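**Student:** Submitted below is the structure of interest, expressed as structure tokens.
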Amino acid sequence: MIGRLRGTLVHKQPPWLIVDVQGVGYELEAPMSTIYDLPELGSEVTLFVHHAQKEDSVALYGFLREAERRLFRDVQKVTGIGAKIALAILSGSSVEDFVARVDGGDTAALSRIPGIGKKTAERIVLELRDKLGGVGAGSAAVPSARGVPAPADPQSEAVIALQQLGFKPVEAARLVKGAFEQGDGAEAIIRKALKAALK
181 MIGRLRGTLV HKQPPWLIVD VQGVGYELEA PMSTIYDLPE LGSEVTLFVH HAQKEDSVAL
241 YGFLREAERR LFRDVQKVTG IGAKIALAIL SGSSVEDFVA RVDGGDTAAL SRIPGIGKKT
301 AERIVLELRD KLGGVGAGSA AVPSARGVPA PADPQSEAVI ALQQLGFKPV EAARLVKGAF
361 EQGDGAEAII RKALKAALK
């Protein structure tokens, strides 16, 4: 099992990353909360990894913070929640905000996350309310450099990333159109679109 990777960040196209570790490129899927704080391409990065193995596939998920990896694992113990919804949860809110919503029984806010309906939101509150204590501890981001070059078409990249997080194509395009301001990179668009969708 792979629990942590340290190497060079060589590719970033939300929600996908490739980290080169001594000549081997590891492809990982990551929540936007991690992608926002990654250093620039070519920099060294250390990621906590969740290694998911099924009968016919292997997937790696990367996180800058241990608290995010723990929450990613914990929410998947709730019936009906898989990796895709777990990534959407972490992409749409901080660990602390999510824990506060669960503790407060805010099912309305939880059901605005793509893939979570009212019944699933109620199950999350019921099953996780007493299990998330301390999850947010140590969730500060690893200090990192900024300045990733903007892709040729940040709006398209943002639409694709939102679809990967569970938004329907039309909804993703609408959110991106509403969030875009001249000069925005994909990450800024995604951040604003998620904030608008989940508030």
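Count along the sequence shown from 1, then add 180; that gives the number in the working numbering. No residue lacks a Cβ here, since even glycine has one placed at the ideal position from N, Cα and C. Here the structure is a predicted model, which means the values were calculated and not measured.
Label LYS257 either buried or exposed according to how many other C-beta atoms from any shown protein chain fall within 10 Å of its C-beta, with 16 as the threshold for buried.
**Tutor:** Sequence index remark: in the sequence shown, residue 257 carries index 77 (1-based). It counts as exposed.
**Student:** Going by C-alpha to C-alpha distance, which of LEU244, GLY205, LEU270 and ALA263 sits closest to GLN233?
**Tutor:** Against the sequence shown, residue 233 aligns to sequence position 53. Per the Cα distances, ALA263.
**Student:** Just curious, the beta strand (DSSP E) that LEU290 is in, first and last residue?
**Tutor:** Here residue 290 is taken as the residue at index 110 of the sequence shown, counted from 1. Looking at the DSSP string, LEU290 is not in any beta strand (DSSP E); the run it does join, the alpha helix (DSSP H), is 287 to 290.
**Student:** So, with DSSP's three-state summary, where would you put GLN202?
**Tutor:** To locate residue 202, count along the sequence shown from 1; it is residue 22. Correct three-state label for GLN202: coil.
**Student:** How long is the line joining the alpha carbons of GLY297 and GLN202, rounded to whole angstroms?
**Tutor:** Walking along the sequence shown from the start, residue 297 turns up at place 117. Walking along the sequence shown from the start, residue 202 turns up at place 22. So the two alpha carbons sit approximately 43 Å from each other.
**Student:** What are the boundary residues of the alpha helix (DSSP H) that includes GLU351?
**Tutor:** Here residue 351 refers to the residue found at position 171 when the sequence shown is read from its first residue. Taken as a continuous stretch (DSSP letters only), the alpha helix (DSSP H) holding GLU351 covers 349 to 359.
**Student:** Are VAL199 and GLY187 close, meaning C-beta to C-beta below 8 Å?
**Tutor:** On the sequence shown, residue 199 is found 19 positions in, with the first residue counted as 1. On the sequence shown, residue 187 is found 7 positions in, with the first residue counted as 1. Closer than 8 Å, so yes.
**Student:** Along the chain, where does the beta strand (DSSP E) containing LEU185 start, and where does it finish?
**Tutor:** Within the sequence shown, numbered from 1, the residue matching residue 185 stands at position 5. Where LEU185 is concerned, the enclosing beta strand (DSSP E) stretches over 184 to 193.
**Student:** Taking the Cβ atom as the reference point for each residue, do LEU244 and GLU207 lie within a distance shorter than 8 Å?
**Tutor:** Taking the first residue of the sequence shown as 1, we reach residue 244 at position 64. Taking the first residue of the sequence shown as 1, we reach residue 207 at position 27. Cβ distance not < 8 Å, so LEU244 and GLU207 don't count as in contact.
**Student:** Assign THR214 to buried or exposed, taking buried as 16 or more other Cβ atoms, counted over all protein chains shown, within 10 Å of its Cβ.
**Tutor:** The sequence position of residue 214 within the sequence shown is 34, counting from 1. Classification for THR214: buried.
**Student:** What number of angstroms, rounded off, separates the C-alpha of ALA341 from the C-alpha of ASP310?
**Tutor:** Residue 341 sits at position 161 when you count from the first residue of the sequence shown. Residue 310 sits at position 130 when you count from the first residue of the sequence shown. Roughly 32 Å between the two C-alpha positions.
**Student:** Which of the three DSSP states is assigned to THR259 in this structure?
**Tutor:** Walking along the sequence shown from the start, residue 259 turns up at place 79. In this structure, THR259 counts as coil in the three-state DSSP scheme.
**Student:** Using C-beta distances below 6 Å, list every residue in its chain close to LEU308, excluding the 5 sequence neighbours before and after it, in chain order.
**Tutor:** In the sequence shown, residue 308 corresponds to position 128, counting from 1. Taken in chain order, the residues that qualify are VAL282.
**Student:** Report, in whole angstroms, the separation of the C-beta atoms of LEU221 and VAL190, which I expect to be a contact under 8 Å.
**Tutor:** Locating residue 221 in the sequence shown gives position 41, counting from the first residue. Locating residue 190 in the sequence shown gives position 10, counting from the first residue. LEU221 to VAL190, Cβ: 7 Å. Contact.
**Student:** Check the Cβ-Cβ distances between LYS372 and every residue of chain B, and say whether any is below 8 Å.
**Tutor:** The chain labelled as chain B is not found in the depicted structure, where only one protein chain is given.
**Student:** Could you check if HIS230 is buried or exposed, using at least 16 other CB atoms within 10 Å of its CB as the buried criterion?
**Tutor:** The sequence position of residue 230 within the sequence shown is 50, counting from 1. So HIS230 ends up on the buried side.
**Student:** Determine the DSSP secondary structure at GLU235, reduced to helix, strand or coil.
**Tutor:** Looking up residue 235 in the sequence shown gives position 55. Note: GLU235 maps to coil in three-state DSSP.
**Student:** According to the neighbour-count rule (16 or more other Cβ atoms, all chains shown, within 10 Å of its Cβ), is LEU306 buried or exposed?
**Tutor:** The count along the sequence shown starts at 1 and reaches residue 306 at position 126. Flag for LEU306 reads exposed.
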